[in-house]
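There are 2 protein chains.
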Amino acid sequence: MNAENTIGFVAATLTTSAFLPQVLKICRSRSTKDISLPMLVTFILGVSLWLIYGLLLNANPIIIANVITLFLNLMILGFKLKYG
Amino acid sequence: MNAENTIGFVAATLTTSAFLPQVLKICRSRSTKDISLPMLVTFILGVSLWLIYGLLLNANPIIIANVITLFLNLMILGFKLKYG
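Residue numbers (my numbering), protein chains in the order written: chain A, 1 to 84; chain B, 85 to 168.
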């Protein structure tokens, strides 16, 4: 693996795993009051396009990162719609 | 501009501008209780590495997106440290 891909994969691991403590925090607190709904919707739309961009460029770090980021943010959006 | 770059720039605009409603929401509410601090720290570290990845690949959508995302998330982190 070249240097770019190594850095890309570490970046992907961090920006992806970042949303896990947010999911766990909401599971514990059942509160999403301070999280912006327009942020979640806009971010999810953007991450979906990053996924397409990664597929077009055949850039694995971008593809993998955005699949997992999309999944975790859809969970956070679900919590937001449930808890308000 | 080719199709990949167009999609990349729209994706960049969305995942970047997404954090603006979150910043504005905190400005109004002065509350960040539901936002995970470990998420913010991990995300900011990851975005910094995406920026380096973009620079190495000379991929403008990745560079521009991550500079602005970094700036807005450092603001959110500042609010989180201030409001708890």
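We put the beta carbon where it would ideally sit given N, CA and C, even for glycine.
Because the structure is a prediction, the values reported are computed rather than measured.
- Separation of A/S48 and A/S17 (C-alpha to C-alpha, rounded to the nearest whole angstrom) is 17 Å.
- A straight-line Cα-Cα distance of about 43 Å links A/Y83 and A/M1.
- Chain B places a beta carbon closer than 8 Å to that of A/I52, counting this residue as a contact.
- The stretch 9 to 25 of chain A and the stretch 102 to 117 of chain B do not touch, with fewer than 3 CB-CB distances between them shorter than 8 Å.
- Under the 8 Å Cβ criterion, the stretch 47 to 63 of chain A counts as touching the stretch 87 to 94 of chain B, having at least three qualifying pairs.
- In this structure, A/L20 and A/L77 do not form a Cβ contact; the two beta carbons are roughly 15 Å apart against a cut-off of 8 Å.
- Taking a 10 Å sphere around the C-beta of B/K117, we find fewer than 16 other C-beta atoms and assign the residue as exposed.
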